[in-house]
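Asks: Quick one: structure below, then a few questions.
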Ligand SMILES: Cc1cc2nc3c(=O)[nH]c(=O)nc-3n(C[C@H](O)[C@H](O)[C@H](O)COP(=O)(O)O)c2cc1C
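In structure tokens, the structure reads:
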């Protein structure tokens, strides 16, 4: 297998706690940022900025920001869950229900949980990570005629993958944290980090070294499930 395919296949979301006293070396951080630098972006707009957060006090301030789980998230999350490994292997998409609290797996409780659950501090998402990368985008740097800035968002995805593959190749674990883009969280994190308007947070990446096994069942559709040859529906070469 080529090295590039091996690294693409081995990249994974590491949701386990990271060791807070095992920092990311500055040299490694630079390599990750270098990978971001060479990201393809629509019209070469380079519509992103990245804030590296590794000061304890700043991490603590961010960790104290609270997020509330929405009913929409809980419902749509529930629809993607599999309730056994066998089901997930058969479905080939989505996530194993066991990765979420039991109450999230009961559709009759979802409205109640969304209404009554106490907001959670971001420390519970950051989970000991010594370094966060907060990826910002500038909505003014829209590629020409890109309706809804869709090409800009695709570009931010390319930034994500470039950094993720680079981190993995350096033996550094990474998890994407979309919660940083949720409006109430975004507002507070922007204040803490002095982010000027009209910049927006796209997502955060937590970097670190796992303190527990990070192996979990990862599934994908087969090539035959998504590839079509010359006409939609034509399977196989
Ligand atoms: C745009 C985007 C947002 C994501 N947001 C989150 C997130 O908030 N939390 C999380 O744990 N994983 C997040 N992920 C990771 C996906 O859930 C993960 O890539 C997918 O389940 C496949 O698992 P794998 O990364 O281990 O291959 C995100 C991925 C993408 C591309």
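Numbering (this note's numbering), first residue to last: 576 to 812. Where a beta carbon is used, it is the ideal one built from N, C-alpha and C, also for glycine.
Between residue 667 and residue 592, what straight-line distance do the alpha-carbon atoms span, to the nearest angstrom?
Replies: To locate residue 667, count along the chain shown from 1; it is residue 92. To locate residue 592, count along the chain shown from 1; it is residue 17. Their Cα atoms are separated by approximately 26 angstroms.
Asks: For a test of the three-state rule: what should DSSP assign to residue 642, helix, strand or coil?
Replies: Looking up residue 642 in the chain shown gives position 67. Note: residue 642 maps to strand in three-state DSSP.
Asks: Name the one or two DSSP bridge partners that residue 712 has.
Replies: One-based indexing of the chain shown puts residue 712 at position 137. In DSSP, residue 712 forms a bridge with 623 and 775.
Asks: Does ligand 1 have a heavy atom nearer than 7 angstroms to the CB of residue 753?
Replies: In the chain shown, the residue the question calls residue 753 occupies position 178. Checking every heavy atom of ligand 1 against the Cβ of residue 753, one is found closer than 7 angstroms.
Asks: Can you tell me the Cα-Cα spacing of residue 653 and residue 590, whole angstroms?
Replies: Here the question's residue 653 lines up with position 78 in the chain shown. Here the question's residue 590 lines up with position 15 in the chain shown. Our two residues, residue 653 and residue 590, have alpha carbons roughly 19 angstroms apart in a direct line.
Asks: Is it true that the CB of residue 688 sits closer than 8 angstroms to the CB of residue 650?
Replies: Numbered from its first residue, the chain shown carries residue 650 at position 75. Numbered from its first residue, the chain shown carries residue 688 at position 113. Taking 8 angstroms as the Cβ cut-off, residue 650 and residue 688 do not qualify as a contacting pair.
Asks: Please tell me whether residue 697 and residue 642 are closer than 8 angstroms, where the distance is taken between their beta carbons.
Replies: Your numbering for residue 697 matches position 122 in the chain shown. Your numbering for residue 642 matches position 67 in the chain shown. Contact: yes.
Asks: Could you give the first and the last residue of the continuous alpha helix (DSSP H) run that contains residue 798?
Replies: Locating residue 798 in the chain shown gives position 223, counting from the first residue. Per DSSP, residue 798 belongs to the alpha helix (DSSP H) from 798-801.
Asks: From this set, 610, 636 and 639, which residue's C-alpha is nearest residue 625's C-alpha?
Replies: In the chain shown, residue 625 corresponds to position 50, counting from 1. Of the candidates 610, 636 and 639, the one whose C-alpha sits nearest the C-alpha of residue 625 is 610.
Asks: Take residue 745 and list the residues in its own chain whose beta-carbon comes closer than 7 angstroms to its own, dropping the five residues that flank it on each side.
Replies: Counted from its first residue, the chain shown places residue 745 at position 170. So the list reads 603 and 606, once near-sequence residues are dropped.
Asks: Give the DSSP-derived three-state secondary structure of residue 702 in the structure shown.
Replies: Start at 1 with the first residue of the chain shown, and residue 702 comes out as number 127. If DSSP states are grouped into helix, strand and coil, residue 702 belongs with coil.
Asks: In chain order, what residues of the same chain have a beta carbon less than 7 angstroms from the beta carbon of residue 726, not counting five sequence neighbours either side?
Replies: Taking the first residue of the chain shown as position 1, residue 726 is located at position 151. Excluding sequence neighbours, residue 726 sits near 617 and 718.
Asks: Identify whether residue 592 lies in helix, strand or coil by the three-state DSSP scheme.
Replies: One-based indexing of the chain shown puts residue 592 at position 17. Of the three classes helix, strand and coil, the one that applies to residue 592 here is coil, per DSSP.
Asks: What span of residues does the beta strand (DSSP E) with residue 750 cover, start to end?
Replies: Within the chain shown, residue 750 is the residue found at index 175, counting from 1. Per DSSP, the unbroken beta strand (DSSP E) holding residue 750 starts and ends at 748-752.
Asks: Quick check for students: name the residue ranges of the beta strand (DSSP E) that lie wholly in the region 661-698, counting only runs of 3 or more.
Replies: none
Asks: So, are the CB atoms of residue 708 and residue 627 less than 8 angstroms apart?
Replies: Along the chain shown, read from residue 1 onward, the residue named residue 708 stands at position 133. Along the chain shown, read from residue 1 onward, the residue named residue 627 stands at position 52. A distance below 8 angstroms separates the beta carbons of residue 708 and residue 627.
Asks: Just to check, is the beta-carbon of residue 582 closer than 7 angstroms to a non-hydrogen atom of ligand 1?
Replies: As a working mapping, residue 582 is identified with position 7 in the chain shown. Result no, Cβ not under 7 angstroms from ligand 1.
Asks: Just checking, does the region 662-678 make contact with the region 775-789 on the three C-beta pairs under 8 angstroms criterion?
Replies: no
Asks: Using a Cβ-Cβ cut-off of 6 angstroms (strictly less than) and excluding sequence neighbours within five positions of residue 809, which residues of its own chain qualify?
Replies: In the chain shown, the residue the question calls residue 809 occupies position 234. So the qualifying residues of the chain are 803.
Asks: What is the DSSP secondary structure of residue 707, counted as helix, strand or coil?
Replies: Residue 707 sits at position 132 when you count from the first residue of the chain shown. Looking at residue 707 - three-state DSSP - the assignment turns out to be strand.
Asks: Compare the C-alpha of residue 631 against each of 597, 645 and 612 and name the closest.
Replies: If you number the chain shown from 1, residue 631 lands on position 56. When only C-alpha atoms are compared, the closest one is 597.
Asks: State the Cα-Cα distance for the pair residue 695 and residue 647, rounded to the nearest angstrom.
Replies: Within the chain shown, residue 695 is the residue found at index 120, counting from 1. Within the chain shown, residue 647 is the residue found at index 72, counting from 1. Approximately 17 angstroms, taken between the alpha carbons.
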